Amino acid sequence: MVSMGVLVVFLGTLVVGIPIAFSLYFTSLVMLISMKIPAMIMVQRVIGGIEKYPLLCVPFFILAGSMMSAGGITQRLIHFSNLLVGRFRGALGLINVLTSMFFAGISGSAVADATSLGSILIPAMKKEGYDPDFSAAITASSAVCGPIIPPSIPMVILGIVCSMPIGRLFLAGAFPGILLGLSLLLGAYIAAVRNNYPKHDPAPIKDIVKGLRQSASALAMPFIVVGGIASGAVTDAELGVLAALYALIVGVFFHRELTVKKISECLKDTVLSTGIVLFILGTASLFSWLLAVSGIPQVIVKSIFALTDNPVLIILLIILLLLAIGTIMDGVAAILLLAPILLPMSSRIGMDPLHFGVMIVFALMLGLLTPPIGITLIISAKFAQISLLRATKAVLPYFAIGVIVLLIIAFCPWFSLYLPNLVFGH
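Mapping the sequence shown onto numbering that gives the first Met the number 0, position 14 (from 1) lands on 13, and the numbers just tick up by one.
So this is what it looks like as structure tokens:
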């Protein structure tokens, strides 16, 4: 009865449009009252959820991505991507995906990716005769690479709530994110050939080399992150500081486009974004604890194993659950709620926890493409000036590509485990 009441209250608040953090808070309040738990527990659990040392890297990674973008790196990455793939049919669609992959190694944010690239590339694509539906769909889809390729904010959250090494999670997400990007490149190219979209003139080698030099500062960011992880020279929080410092130096002294005013705006955006993440984290931590006290996680696990004890079917059921939750709940909140419940199941089905964690993040990030929570789809539809319904129909093939890649990752551990095992050992 308690579990059904919690579900009704929580889903009811989401349906009426209450933001996820307030939905979690209100549902937690109802549970506290019904379970007769002292109100002081609410304060303790909310504060306890956000006073974790590794969380210090979150604002610094957000700030690093914001300063790199404000420092003129977006245009440089677009130009370099054009030099690499502009000669192929549907050049701007391919540029969109490739730039997103590069940008993912800087910001770790799908929203930053969709906003920065969508504001530039979608109008350009429409001007060259690309269908606005396709423009919105490929922009929204490619932005999903952001939270998967390191540095990744969702991976940081997963590492904190499940006590997993964040460095290993970063490396585990690299190949899955790249595989998604390459798959979207193929999908965009097929759509371009089918619709006879334009291509650009081939770029001379000397122009490609020049473009590489201009973009080298941005392309170096993922290697700095991976290098810092692999060397063990810095902690997770220090790695975020290093990334932000690097972005500041590049923007001020090399590109010379990062002014005091822009830095101030970046700091404001960072405070706002970090505040949102921490608010969700605090309320979700309280809600997760109440769920654990009420025994609901055990009920969910028993229900899944009651249906089948076949590991393959269990993985498929978990994927379906994650995809469904991703459509109605913010990815960070979903990780906070579901990861502690589902992760213990990995040992029972013979799945490495690191591999299982990457699968959770990847599946929930696909929710960025599905309304009503599909924020990258909403942003892209706005830039393309089309309805959300049209954008949703257009994104379905690319969502299907994402699901196929998810299944490959789920049943091929090599994609997630090779890089962390290579760097850190088994």
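For glycine and all other residues, C-beta sits at the position ideal for the given N, C-alpha and C. Nothing here was measured: the structure is a model prediction, and the numbers come from that model.
Run of the alpha helix (DSSP H) containing residue i, from where it starts to where it stops
i      : result
ASP329 : Counting along the chain, ASP329 falls outside any alpha helix (DSSP H), and DSSP gives it neither H nor E.
SER386 : Counting along the chain, SER386 falls outside any alpha helix (DSSP H), and DSSP gives it neither H nor E.
HIS78  : 73–84
TYR196 : TYR196 -> no alpha helix (DSSP H), and no H or E assigned at all.
GLY92  : 90–106
PRO203 : Taken as a continuous stretch (DSSP letters only), PRO203 belongs to no alpha helix (DSSP H), as it is neither H nor E.
VAL292 : 259–293
VAL422 : 413–423
ALA232 : Taken as a continuous stretch (DSSP letters only), ALA232 belongs to no alpha helix (DSSP H), as it is neither H nor E.
CYS56  : 56–67
TYR52  : Taken as a continuous stretch (DSSP letters only), TYR52 belongs to no alpha helix (DSSP H), as it is neither H nor E.
LEU31  : 19–34
HIS254 : Neither: HIS254 is in no alpha helix (DSSP H) and is coded neither H nor E.
ILE152 : 152–160
Spatial distance of residue i from residue j (CA atoms)
i      : j      : result
LEU318 : ALA232 : Note on residue identity: the sequence assigns Ile, not Leu, to residue 318. C-alpha separation (whole angstroms): 36 Å.
ARG75  : PHE410 : 37 Å
VAL357 : LEU315 : 15 Å
GLN213 : VAL155 : 30 Å
SER263 : LEU322 : 38 Å
LEU335 : ASN81  : 39 Å
PHE79  : GLY16  : 41 Å
PRO396 : LEU406 : 15 Å
ALA123 : ALA90  : 11 Å
VAL96  : PRO37  : 51 Å
VAL300 : LEU120 : 44 Å
GLU50  : GLN43  : 11 Å
PHE87  : MET100 : 18 Å
LEU13  : ALA69  : 34 Å
SER284 : SER386 : 35 Å
LEU178 : PHE423 : 22 Å
GLN297 : GLY325 : 21 Å
ILE374 : VAL110 : 7 Å
Outcome for residue i when other beta-carbon atoms lying within 10 angstroms are tallied against a minimum of 16
i      : result
ALA142 : buried
PHE500 : What is shown of the chain runs 0 to 425, which leaves residue 500 out entirely.
ASP200 : exposed
THR269 : buried
MET39  : exposed
ILE32  : exposed
ASP112 : buried
GLY189 : Just to set this straight, residue 189 is Ile in the shown sequence, not Gly. Its Cβ having fewer than 16 others within 10 Å, ILE189 is exposed.
ALA103 : buried
PHE174 : buried
ASP329 : buried
THR114 : buried
SER216 : buried
GLY349 : exposed
SER346 : exposed
ILE152 : buried
PHE253 : exposed
ASP308 : exposed
ALA63  : buried
ILE204 : exposed
VAL225 : buried
PHE21  : exposed
Residue i and residue j closer than 8 Å at C-beta
i      : j      : result
ALA383 : ALA390 : yes
PHE133 : ILE228 : no
LEU416 : LEU337 : no
GLY172 : VAL360 : yes
LEU367 : ALA333 : no
LEU257 : VAL251 : yes
GLY128 : LEU280 : no
GLY145 : SER108 : yes
PRO339 : VAL160 : yes
LEU184 : MET66  : no
GLY176 : ILE147 : yes
LEU312 : CYS56  : no
LEU289 : SER27  : yes
GLY117 : PRO53  : no
CB-CB length for residue i against residue j, believed under 8 Å
i      : j      : result
ILE61  : THR282 : Their Cβ separation, rounded to whole angstroms, is 20 Å, which puts ILE61 and THR282 out of contact at 8 Å.
GLY92  : ALA191 : 6 Å
ALA242 : ILE223 : 7 Å
ALA135 : ALA380 : 5 Å
ASP441 : PRO412 : A query on residue 441 cannot be resolved here, the shown segment of the chain reaching from 0 to 425 and no further.
PHE59  : VAL240 : 5 Å
Cβ of residue i within 8 Å of any chain C Cβ
i      : result
TYR397 : As a matter of chain content, chain C is missing from the structure shown, which is built from one protein chain.
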